[in-house]
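Below is one structure; the comments refer to it alone.
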Amino acid sequence: IVDTHRPGTMENADVLYGVTMQNQGVSQMLKVTLHDALNMADATTEEVQA
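Taking the numbering used here, the leading residue of the sequence shown gets 1296, the next gets one more, and so forth.
Structure (structure tokens):
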């Protein structure tokens, strides 16, 4: 397990785990696999090109 915000380090991971706080005092854990991240990036690229 590596704790980082560095994009180069995250690019080499198969799975990213994170914690976000959308509302005051409410933390939400998340997990993104490399496969999911690539799909999200492709979808975003398609939206921008449209």
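All residues carry an ideal CB built from backbone N, CA and C; glycine is no exception. Note that the structure is a prediction, hence the values are computed from the model and not measured.
Among the options, which one has its Cα closest to the Cα of residue i?
{"i": "GLN1323", "options": "ILE1296, THR1340, THR1299, GLY1313", "result": "GLY1313"}
{"i": "MET1316", "options": "VAL1343, ALA1332, ASP1337, LEU1325", "result": "LEU1325"}
{"i": "MET1305", "options": "VAL1343, THR1340, LEU1333", "result": "LEU1333"}
{"i": "ALA1308", "options": "HIS1330, GLY1320, ASN1318", "result": "HIS1330"}
Name the DSSP beta bridge partners of residue i, please?
{"i": "ASN1244", "result": "Any answer about residue 1244 is impossible in this case: the structure gives the chain only from 1296 up to 1345."}
{"i": "THR1328", "result": "VAL1310"}
Just checking my contact of residue i with residue j at CB under 8 angstroms: how many whole Å lie between their CB atoms?
{"i": "VAL1310", "j": "THR1328", "result": "5 angstroms"}
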